[in-house]
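In the working numbering, the protein residues as written are -17 to 149.
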């Protein structure tokens, strides 16, 4: 798996963002049965930039905690069926990896939420990465049943990795 983390904020964390994100991403892909080596880009940014991205791509003019930009069109969540005619759109020609998409996390909101929920910064970071990874795998939470399914999957991944609310 190729995993690129860009930290625009320059903030340091009491954990390795790259190692934690890689663990979560690999955990999600394994749980979802992704049959391909994959790549993900993760941007750690501030409130101003995530608000700009949210406004530009979602027409929502507000700060949010995480944005997901999936590269794949799924016929159903977690179904990694790539039509032959779309392979050039989905696979990196140099590495052969499936390009899942981009994750953007607002570090300010991540810190606020960790404090608000009473758990560690690492736990909040891992949760946001898991949440976004499920979006990159075709899941959403627009309907109540879909939201419950995503929440269940997120918790299962974090629990399996030993990243709990007590962390």
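Glycine included, every Cβ here is placed at the ideal spot set by N, Cα and C.
Cβ pair residue i, residue j closer than 8 angstroms
{"i": "residue 49", "j": "residue -13", "result": "no"}
Close Cβ partners of residue i (< 7 angstroms) along its chain, the five nearest in sequence each way excluded
{"i": "residue 59", "result": "119, 120, 121"}
{"i": "residue 45", "result": "29, 32, 33, 88, 91"}
{"i": "residue 116", "result": "10, 132, 135, 136"}
{"i": "residue 126", "result": "none"}
{"i": "residue 139", "result": "6, 9, 10, 13, 112"}
{"i": "residue 147", "result": "101, 105"}
Burial state of residue i, where buried means 16 or more other Cβ atoms lie within 10 Å
{"i": "residue 100", "result": "exposed"}
{"i": "residue 135", "result": "buried"}
{"i": "residue 14", "result": "buried"}
{"i": "residue 124", "result": "exposed"}
{"i": "residue 40", "result": "exposed"}
{"i": "residue 21", "result": "buried"}
{"i": "residue -1", "result": "buried"}
{"i": "residue 77", "result": "exposed"}
{"i": "residue 3", "result": "buried"}
{"i": "residue 150", "result": "Limits of the chain in this structure are -17 at one end and 149 at the other, which puts residue 150 out of reach."}
Member of the options whose CA lies at the smallest distance from the CA of residue i
{"i": "residue 111", "options": "97, 129, 90, 86", "result": "86"}
{"i": "residue 113", "options": "43, 128, 132, 72", "result": "132"}
{"i": "residue 70", "options": "80, 35, -16", "result": "80"}
{"i": "residue 64", "options": "141, 12, 17", "result": "17"}
{"i": "residue 54", "options": "141, 74, 47", "result": "74"}
{"i": "residue 142", "options": "130, 38, 8", "result": "8"}
{"i": "residue -16", "options": "1, 47, 139", "result": "1"}
{"i": "residue 72", "options": "47, 38, 19, 98", "result": "19"}
Beta-carbon contacts of residue i that lie in its chain and below 6 angstroms, excluding the five residues immediately before and after
{"i": "residue 56", "result": "120"}
{"i": "residue 51", "result": "83, 84"}
{"i": "residue 6", "result": "108, 111, 112"}
{"i": "residue -11", "result": "26"}
{"i": "residue 24", "result": "-13, 3, 85"}
Cutoff 8 angstroms; reference residue i; Cβ partners in own chain excluding five residues on either side
{"i": "residue 103", "result": "-5, -4, -3, 92, 93, 96"}
{"i": "residue 42", "result": "36"}
The ligand NAP heavy atom lying under 7 angstroms from the CB of residue i
{"i": "residue 76", "result": "Of the ligands one can find in the structure shown there are none, so the ligand NAP has no counterpart to examine."}
Problem set entry | Whole runs of the beta strand (DSSP E) within the region 2 to 39, excluding any shorter than 3 residues | You should have 20 to 27.
Problem set entry | Every unbroken alpha helix (DSSP H) within the region 62 to 115, with a cutoff of 4 residues, ordered by chain | 69 to 72, 89 to 99
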